[in-house]
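Structure record follows, encoded as C-alpha cells.
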Amino acid sequence: MKHTCPEKIGAQRRMKISGGLKKQQQDKPVATRQSSRCITDISGFRSWRVDSGLSRIEIKKSYFQMKNFILFIILILFSIQLWSSELEIKPISLDSLFIFQKGEIKGDSLFLYFSGKMFHQNEDYYESIAYFEEFLNNYPSDSLSSYALFNIAESYLKLGFTEMAYTIFAELNNRFPFSKPGIVALKQMGDIHFSRKDYSKAKLLYQNFIYHNIDLKIKDYAFFQIERCNYYLGLYEYPTDIFQNFFEKYPQSKLCPDLRFELGNYYFKIGKYTESINEYKKIINMQPEVSWLDSVYFQLSSIYHKQKDWKNATKNIHNLIQNFPESILKIPAYQLLIDGLLEGNNFLLAINTLNSTIQLTHPDERNEYYKMLARIYEKLGLYNEVIDIYQIMLNNEKDEEKQELLRNKISNFIKEIGEPEDSLSHSDNQEQIKSHQPR
Numbered sequence: 001m002k003h004t005c006p007e008k009i010g011a012q013r014r015m016k017i018s019g020g021l022k023k024q025q026q027d028k029p030v031a032t033r034q035s036s037r038c039i040t041d042i043s044g045f046r047s048w049r050v051d052s053g054l055s056r057i058e059i060k061k062s063y064f065q066m067k068n069f070i071l072f073i074i075l076i077l078f079s080i081q082l083w084s085s086e087l088e089i090k091p092i093s094l095d096s097l098f099i100f101q102k103g104e105i106k107g108d109s110l111f112l113y114f115s116g117k118m119f120h121q122n123e124d125y126y127e128s129i130a131y132f133e134e135f136l137n138n139y140p141s142d143s144l145s146s147y148a149l150f151n152i153a154e155s156y157l158k159l160g161f162t163e164m165a166y167t168i169f170a171e172l173n174n175r176f177p178f179s180k181p182g183i184v185a186l187k188q189m190g191d192i193h194f195s196r197k198d199y200s201k202a203k204l205l206y207q208n209f210i211y212h213n214i215d216l217k218i219k220d221y222a223f224f225q226i227e228r229c230n231y232y233l234g235l236y237e238y239p240t241d242i243f244q245n246f247f248e249k250y251p252q253s254k255l256c257p258d259l260r261f262e263l264g265n266y267y268f269k270i271g272k273y274t275e276s277i278n279e280y281k282k283i284i285n286m287q288p289e290v291s292w293l294d295s296v297y298f299q300l301s302s303i304y305h306k307q308k309d310w311k312n313a314t315k316n317i318h319n320l321i322q323n324f325p326e327s328i329l330k331i332p333a334y335q336l337l338i339d340g341l342l343e344g345n346n347f348l349l350a351i352n353t354l355n356s357t358i359q360l361t362h363p364d365e366r367n368e369y370y371k372m373l374a375r376i377y378e379k380l381g382l383y384n385e386v387i388d389i390y391q392i393m394l395n396n397e398k399d400e401e402k403q404e405l406l407r408n409k410i411s412n413f414i415k416e417i418g419e420p421e422d423s424l425s426h427s428d429n430q431e432q433i434k435s436h437q438p439r
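Those letters in the sequence shown? Residues 1 to 439, by the working numbering.
Right, dumping it as C-alpha cells:
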C-alpha cells in the first residue's frame, strides 16, 4: 500500500498544532510502538518500512486484496440495509446508500475511511489518525470529511493531546459549522475549557452548542454543564443549587432521575437524611419507570436503618425484594432486614424469615443466607447449630478456597466447644430462642 509520508499529511494543520504538541511532549514521556508495518512515536509522525522478506510487488498485491475484500463487505452491508424489510426506504436514504456510485464518494475513500474507523473502534488511535489523515489528504472535499476530522480530534483526545484535539475541533467547527460533527465539536471544546477551569468560555461554547442543536440527546448534558459553570462563576451559593436549578428549569429532562439520585446520595453522605429521603421519594413518585429503582429502595432502607426506623426500613426492603427479585442488592437488603429484627431482639422472627428465604432460594445462592443464620445462632450461643450450618454451607460450596475457610471455621468451633453433641431438640431450641425475645 502506498502511504503518504506523514510530513505531507495534513501539513497545514500540523503547522498550527506542532507548537502545542511540543509543549505537551515536555510533560509526557516518549512512548514508541512498533509493528510489522511502521514505527509510530508519540508525535504521530510515522516512518514506514517494509519487512526484508517481502517484495514491493507482494505488498502491493496484498494491499489490493485487502482493499477489495473490505469494499466487498461494505457493499454487502449496504445491500442488506437497502433490502431489509424492517427499513423504511426514503429517496434521500437511497441516495445516501449509493452516493459513492455517483462519484461523490470513491471506493478508495471508503477503504481509507472505514479502515480509520475500524482502528478507532479498536482503540488503536495512532493507526486511526494515519488513515483518516490520508483520507483527508486525498479527498479533502469528501462528504465524510467532517466525520474524519471529528475522529482525528477524538483520537488525539484519547491519547491525551488536548491542545491538538482542541485545535482540530475548532477547525472542524469552522469548516463544517452546521454539520452534526461540527455542532458536537462545540460541546467537546466546552468540555476541554471546563476541564481547564475556564468556566466563562466553557459556558459560552455550551450555549452555542444548544443554540445550533435541535435533536441531539446530549443537549441536556450541556444544560447541566451550564448550571455547573454558573456555580463555579459564583452565581450560586451552594453546590446543591446546581441540581435544584436544573430540576426547576428542565423538569422533563431525561437526566433528572440520575441527577436526583446523585443529589440524594450527596445528602446521605453528609448526614442530611431528610433531604436525601425527599430526593429518593421524588424518583419513585415522578420516574417510577427507571430500571434501577432497586438502588433507590436500598438507599432508603439504609437511611431508615441508620435512624432505627425499622418499620420504614422493612417496607422499602420488601419493595426491593418483591419488585426486583434478581437484583444484586437483594442479599444486602436481607442483611439490613435481619439487622433490624435482631436490633429489636426479634430472634425467632429473624430465624423464620431466613429459613423461609432459604427454601425459596436456588441452592447455589443459599450460603449467604445460611451465613446470616449462623451469626444469629452464634449470638444465641447455639454452637452445635452453628457447626451444622457451616457443614451445610461446606457441602453447598464449590469454590475450593471458600471450602477451606469453612473447614477452618468448623475446626475452630470444635476446638472451643469440644466434639459437637447431638443438636438440641426443636422444642428446646425454640425455648432457648424465646428466652432472648423481648418481654
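Every residue, glycine too, gets a C-beta built ideally from N, C-alpha and C.
Distance between residue 166 and residue 153 (C-alpha atoms, nearest Å): Rounded to the nearest angstrom, the gap between the Cα atoms of residue 153 and residue 166 is 7 Å.
message: For the structure I just gave you, are there three or more beta carbon pairs, one from the segment 172-181 and one from the segment 154-164, closer than 8 Å?
response: no
query: Which of helix, strand or coil does DSSP assign to residue 212?
result: In the three-state reduction of the DSSP assignment, residue 212 falls in the helix class.
message: With distance defined between alpha-carbon atoms, name the residue in 394, 339, 379 and 387 nearest to residue 365.
response: 394
- prompt: What do you reckon, are the CB atoms on residue 254 and residue 222 nearer than 7 Å?
  reply: no
task: Indicate the three-state DSSP secondary structure (helix, strand or coil) for residue 317 in the structure shown.
output: helix
query: Is DSSP giving residue 296 helix, strand or coil here?
result: helix
query: Can the beta-carbon of residue 181 be found less than 7 Å from the beta-carbon of residue 206?
result: no
message: I believe residue 319 touches residue 297 by the beta-carbon criterion, under 8 Å. Please report the beta-carbon distance rounded to the nearest angstrom.
response: 5 Å
field: Proximity of residue 354 and residue 377 at Cβ, strictly below 7 Å
entry: no
- request: Determine the extent of the alpha helix (DSSP H) in which residue 407 is found, giving its start and end residues.
  value: 400-417
message: Spatial neighbours of residue 273 within its chain, please: C-beta separation below 8 Å, excluding the five flanking residues on both sides.
response: 267, 303, 306 and 307
message: Could you tell me the alpha carbon to alpha carbon distance between residue 236 and residue 212, rounded to whole angstroms?
response: 27 Å
- prompt: If we ignore side chains and look at the alpha-carbon of each, how far apart do residue 310 and residue 291 end up?
  reply: 26 Å
- prompt: Secondary structure at residue 161, three-state DSSP: helix, strand or coil?
  reply: Residue 161 falls in the coil class under three-state DSSP.
query: Can you name the start and end residues of the alpha helix (DSSP H) that residue 181 belongs to?
result: 180-195
task: On a CA-only basis, which of 294, 325 and 219 is nearest residue 210? Give me that one, please.
output: It is 219.
message: Using 8 Å for Cβ pairs, my map puts residue 361 next to residue 337. What's the rounded Cβ distance?
response: Contact doesn't hold; Cβ gap of about 14 Å is too wide.
For residue 395, three-class secondary structure by DSSP: helix
message: Can you find the residues in the same chain that come closer than 7 Å, C-beta to C-beta, to residue 275, ignoring five residues on each side of it along the sequence?
response: Non-local beta-carbon contacts of residue 275 in its own chain, meaning distances under 7 Å to residues more than five positions away in sequence, involve 267 in chain order.
- prompt: Which word fits residue 299, buried or exposed, when buried means at least 16 other C-beta atoms lie within 10 angstroms of its C-beta?
  reply: buried
field: Check: residue 290 C-beta below 6 Å from any heavy atom of the ligand ZN
entry: This structure simply doesn't include the ligand ZN, nor any ligand for that matter.
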